[in-house]
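Single-structure report; data block below.
Protein chains: 2
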Amino acid sequence: MTNRSVITGKPRRPEERPAEILAAALELFAEKGFSATRMDEVAARAGLSKAGVYLYFKDKTALLKALVNEMAGANISVARGIVEAHEGPVSPLVATILAFLAGQVRHTRFPELIKIVISESRAHPEVGQLYLDGVVRQGLPLFEGLIRRGIASGEFRNVDPSFAAKAMLGPMLLAVIWKTVLEPIGAEALDIEAYAAQHAQIFLKGIQS
Amino acid sequence: MTNRSVITGKPRRPEERPAEILAAALELFAEKGFSATRMDEVAARAGLSKAGVYLYFKDKTALLKALVNEMAGANISVARGIVEAHEGPVSPLVATILAFLAGQVRHTRFPELIKIVISESRAHPEVGQLYLDGVVRQGLPLFEGLIRRGIASGEFRNVDPSFAAKAMLGPMLLAVIWKTVLEPIGAEALDIEAYAAQHAQIFLKGIQS
DNA sequence: GTTATTACTGACCGGTTAGTCATAATGGAA
DNA sequence: TTCCATTATGACTAACCGGTCAGTAATAAC
Chain A
1 MTNRSVITGK PRRPEERPAE ILAAALELFA EKGFSATRMD EVAARAGLSK AGVYLYFKDK
61 TALLKALVNE MAGANISVAR GIVEAHEGPV SPLVATILAF LAGQVRHTRF PELIKIVISE
121 SRAHPEVGQL YLDGVVRQGL PLFEGLIRRG IASGEFRNVD PSFAAKAMLG PMLLAVIWKT
181 VLEPIGAEAL DIEAYAAQHA QIFLKGIQS
Chain B
1001 MTNRSVITGK PRRPEERPAE ILAAALELFA EKGFSATRMD EVAARAGLSK AGVYLYFKDK
1061 TALLKALVNE MAGANISVAR GIVEAHEGPV SPLVATILAF LAGQVRHTRF PELIKIVISE
1121 SRAHPEVGQL YLDGVVRQGL PLFEGLIRRG IASGEFRNVD PSFAAKAMLG PMLLAVIWKT
1181 VLEPIGAEAL DIEAYAAQHA QIFLKGIQS
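Protein chains in written order, with the working numbering: chain A, 1 to 209; chain B, 1001 to 1209.
Here you go:
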């Protein structure tokens, strides 16, 4: 009848629990980092007890794995869509992709997750592995392909596609670290979109024939 | 007479203790990360007991601070030397500096320290602060100055020096993360010097008039 | 209603480890 | 030789926290 727990006042909705827990975990991980986040806090923010969390997730790492998986999948498929849908000269794609990434850095929790993966991959190699397989090994070839297309069409010089892809992404990684590590301790804010645009311009001119 | 501790067999040399302890800490931090390194291990590797370490360093964080300070000072002063000693056209300096950085990434513990700073700066903001003040706020202006010189001399286009400096360093940060995070979990090795050279070529062409 | 099932919780435990402290060894000075 | 400042240590503790579990509340089934 009541469908509500007497104690918490919260509705019971087992199907939504995992998503609620993950949302709470993502917020807390982003705010305080993975190790500094207590399972009790995740539970409290999700509106149940710590033991309740373990009904839905095997352990703390499972939370992180689920989050990495989720965000990896989402981002990569969008990026792939952008790249594969594009026809004609690839040059404009460089700026488009970098602007897309800038938006992700600015408006999503992607940067925080990357930082957490960097921090935790030694202690939790499965998490690093997930990121390597789900993001790096999906994303880099995408950009390498883009470079190759440009070389094939004569737009780009004969650069090493693997190196060039990394040189294209490196500055965005710097933006991620700037935002998640340096800004919180007092570094001047970085205008990520403008930065990405400037980088796109330099990079494009740098690889053009 | 003997000048040796009966128990450890090691010579007593209080003046060298701090350096020995730091060397041990650096090795271990690089191998296993900061939090995973136990004070007992640092002590053992340095050849004394844990309590002994606390005779020379206030706490665990003090070890990390000392290491960051040390390496920051060393690297920045060398880089400054390279940049300031250079006369004539600045274009060649871009490749020189990037090659120098590639060497540092490949042959020193700098990458591991950066990774640790990234990982620990939320829990130990003083460490992050040290890095921000000692490396970022020393290093970036150096590169910005280089860009400005190039613009003033007409070698470079009128790019934003702050953005351009970050775009120049970003790919090296990617190399750092690649080496310290991805390679240990199975990513293919990155030829850092070749990568830096390719990036230098692209970047230089990208900012030239 | 009564029973069975699912969802949930409070209290607890075991392992871990930074940092402390009372005490001891050391070696130079007198 | 004796002293004592310095250098060192083993043993300890206090706090923390992931994960477990015995039991309870809510819902569904009959």
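Ideal Cβ placement from N, Cα and C applies to all residues, glycine included.
When you compare the CB of A:His199 with every CB in chain B, is at least one pair closer than 8 Å?
yes
Ordered along the chain, which non-local residues of its own chain (more than five positions away) have a Cβ less than 6 Å from that of B:Val1159?
Ile1207
Buried or exposed for A:Thr108, please, with buried defined as at least 16 other CB atoms from any protein chain shown within 10 angstroms of its CB.
exposed
Hey, A:Leu113 and A:Val42 are a contact pair by Cβ (cut 8 Å); roughly how many whole angstroms apart?
So it is not a contact: roughly 15 Å between Cβ atoms.
Three Cβ pairs or more, each shorter than 8 Å: is that satisfied between the stretch 85-102 of chain A and the stretch 145-156 of chain A?
yes
Cross-chain neighbours of A:Arg149 in chain B, by beta carbon under 7 Å:
In chain order: nothing, as chain B lies at least about 17 Å away.
In this structure, how does DSSP classify A:Phe29 when only helix, strand and coil are distinguished?
helix
How about B:Leu1204 and B:Val1094: do their beta carbons lie closer than 8 Å?
yes
Cβ atoms of B:Ile1118 and A:Gly128: under 8 Å apart, would you say?
no
Under 9 Å by beta carbon: chain A residues contacting B:Gln1129
Ile185, Gly186
Let me know if B:Lys1058 comes out buried or exposed under the rule of 16 or more other beta-carbons within 10 Å of its beta-carbon.
exposed
If A:Ile76 sits next to A:Gly134, beta carbons under 8 Å apart, how far is it from one beta carbon to the other, in whole angstroms?
7 Å
At least one CB of chain B closer than 8 Å to the CB of A:Ser91: is that the case?
no
Once you ignore the five residues that flank B:Glu1070 on each side, which residues in its own chain have a CB closer than 8 Å to its CB?
Leu1022
A:Pro141 touches chain B at which residues, Cβ-Cβ below 8 Å?
Neighbours of A:Pro141 on chain B: none; closest Cβ ~12 Å, over 8 Å.
Straight-line gap, B:Glu1183 to B:Phe1143 (C-alpha atoms, nearest Å):
28 Å
Verify the CB distance criterion: does A:Ser121 have a CB-CB separation below 8 Å to chain B?
yes
Flag this pair as yes or no: are the beta carbons of B:Leu1098 and B:Ala1165 separated by less than 8 Å?
no
Which of the three DSSP states, helix, strand or coil, is assigned to B:Phe1057?
coil
Identify the continuous alpha helix (DSSP H) that holds A:Tyr181 and give its terminal residues.
It is Val, not Tyr, that sits at residue 181 of chain A in the sequence shown. Note, A:Val181: premise wrong, no alpha helix (DSSP H); not H, not E.
When B:Gly1047, B:Ser1121, B:Gly1073, B:Lys1050 are compared against A:Ala187, the one with the closest alpha-carbon:
B:Ser1121
Cα-Cα separation between A:Pro111 and B:Gly1047, rounded to whole angstroms:
41 Å
Cβ of B:Ser1035 less than 8 Å from any chain A Cβ?
yes
Against A:Val159, what residues of chain B qualify as contacts under a CB-to-CB distance less than 7 Å, listed in chain order?
Gln1198, Ile1202
Buried or exposed for B:Lys1179, please, with buried defined as at least 16 other CB atoms from any protein chain shown within 10 angstroms of its CB.
buried
Output the boundary residues of the alpha helix (DSSP H) element that contains A:Arg45.
39-46
Return the CA-CA distance between B:Lys1060 and B:Met1039, expressed in angstroms with no decimal places.
7 Å
B:Arg1157 to B:Ile1151 span [Cα, whole Å]:
6 Å
Against B:Val1136, what residues of chain A qualify as contacts under a CB-to-CB distance less than 8 Å, listed in chain order?
Leu182, Ala187
Identify, in the order they occur along the chain, each residue of the same chain with its Cβ nearer than 6 Å to the Cβ of B:Gln1104, setting aside the five sequence neighbours on each side.
Phe1110
Sorted by chain position, which residues of the same chain lie with C-beta nearer than 8 Å to B:Arg1045's C-beta, five sequence neighbours on each side aside?
Ala1024, Glu1027, Leu1028
Compute the beta-carbon to beta-carbon distance between B:Leu1174 and A:Leu169, rounded to the nearest angstrom, for a pair I have assumed lies under 8 Å.
6 Å
Looking at B:Ala1123: is its Cβ nearer than 8 Å to the Cβ of A:Ala36?
yes
When the distance is taken between beta carbons, is A:Pro171 closer than 8 Å to B:Pro1171?
yes
Taking C-beta to C-beta, are A:Lys65 and A:Leu130 nearer than 8 Å?
yes
In angstroms, rounded to a whole number, what distance separates the CA positions of B:Ala1062 and B:His1086?
36 Å
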